[in-house]
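Take a look at the structure set out below.
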Amino acid sequence: MATPYSPSSKFEEAVAYLSNASSLTQVSNTVKLELYGLFKTLTVSPSPNTPRPSFFDISGRAKWDAWRFTANSYEGRLLEAEHRYLDIAHSLGWEEGSPVKAMDETEEQIESGGGTGMGVSVSVVSPPSPNSEAATGLHGYAMEDNVAAISAFLNASECLDVDARDEYVRVHRLHLAADRGNVAAVEFLLEHGADKTLKDTDGYTAVDLATIAQHLDVVALLQRK
605 MATPYSPSSK
615 FEEAVAYLSN
625 ASSLTQVSNT
635 VKLELYGLFK
645 TLTVSPSPNT
655 PRPSFFDISG
665 RAKWDAWRFT
675 ANSYEGRLLE
685 AEHRYLDIAH
695 SLGWEEGSPV
705 KAMDETEEQI
715 ESGGGTGMGV
725 SVSVVSPPSP
735 NSEAATGLHG
745 YAMEDNVAAI
755 SAFLNASECL
765 DVDARDEYVR
775 VHRLHLAADR
785 GNVAAVEFLL
795 EHGADKTLKD
805 TDGYTAVDLA
815 TIAQHLDVVA
825 LLQRK
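Counting from 605, one number per residue, gives the positions in the sequence shown under the working numbering.
Structure, rendered in structure tokens:
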């Protein structure tokens, strides 16, 4: 659903300013993600209108989550969302009425997070091929909820660290299973010593990811174990 909101000319000025602001290069990804979420909520749709990207699309996933977080935070209060965007722009040097270079970005740049003061510098890891060891190893089995394969893998690898991170997506097996809503795999990994308190590179625990993805059965399991 397209957004019913029409941003003000001040918002357009702020967007144009941030698209060329050198100060944005020094801003944390947290702020950039907030700007992205606000921009998408105000100009595209009041909530994400596409499926959540997979774990292999780290940048796209972070931006999608920021969009949904903004949508939930400002539901029915889009004017407040615009004010928040303007406040951030002010903190980064924007002044209302100041001349700025006109935007010449394409929709492709906007959708990919480039320019518009909302780009996100996130390390993107290429997904492994379907035939790679990473796709069929323990991380792949956790994503597929294949408990039998997980069990066989662990039995054949007595010294395997169940909490090791995948070399491609840089997350723990428990995180992958929790994010996918794979209850059986989550339970099996917990029973074999997986540490549910570990955080991924963005600071999320397995229960955080399950909560964001609304896998309530996994959330309950992680909180109970």
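C-beta: ideal position from N, C-alpha, C; glycine also.
**Message:** For the structure I just gave you, are there three or more beta carbon pairs, one from the region 686-702 and one from the region 654-671, closer than 8 Å?
**Reply:** no
**Message:** Using the Cβ count rule (16 or more neighbours within 10 Å means buried), how would you classify residue 644?
**Reply:** In the sequence shown, residue 644 corresponds to position 40, counting from 1. Note on residue 644: 16 or more other CB atoms within 10 angstroms of its CB, so buried under the neighbour-count rule.
**Item:** Spatial distance of residue 665 from residue 787 (CA atoms)
**Value:** Position 61 of the sequence shown holds residue 665. Position 183 of the sequence shown holds residue 787. Taking the straight line joining both Cα atoms gives about 22 Å.
**Item:** Backbone CA spacing between residue 778 and residue 681 [nearest angstrom]
**Value:** To locate residue 778, count along the sequence shown from 1; it is residue 174. To locate residue 681, count along the sequence shown from 1; it is residue 77. In a straight line, the C-alpha of residue 778 is about 36 Å away from that of residue 681.
**Asked** Where does the unbroken alpha helix (DSSP H) through residue 811 begin, and where does it stop?
**Response** On the sequence shown, position 207 is the one that residue 811 refers to. Per DSSP, residue 811 belongs to the alpha helix (DSSP H) from 810-816.
**Request:** Would you decide whether residue 617 is buried or exposed? Buried here means 16 or more other CB atoms lie within 10 Å of its CB.
**Result:** Residue numbering aside, residue 617 sits at position 13 when the sequence shown is read from its first letter. It is buried - the Cβ of residue 617 has at least 16 other Cβ atoms within 10 Å.
**Request:** Rounded to whole angstroms, what's the CA-CA distance from residue 776 to residue 767? Just pull it up for me.
**Result:** The residue given as residue 776 occupies position 172 in the sequence shown. The residue given as residue 767 occupies position 163 in the sequence shown. C-alpha separation (whole angstroms): 6 Å.
**Residue range of the unbroken alpha helix (DSSP H) whose run includes residue 636** = Position 32 of the sequence shown, counted from the start, is the residue given in the question as residue 636. Residue 636 -> alpha helix (DSSP H) spans 633-647.
**Prompt:** How about residue 826 and residue 817: are their beta carbons less than 8 Å apart?
**Reply:** The count along the sequence shown starts at 1 and reaches residue 826 at position 222. The count along the sequence shown starts at 1 and reaches residue 817 at position 213. Cβ atoms of residue 826 and residue 817: not closer than 8 Å.
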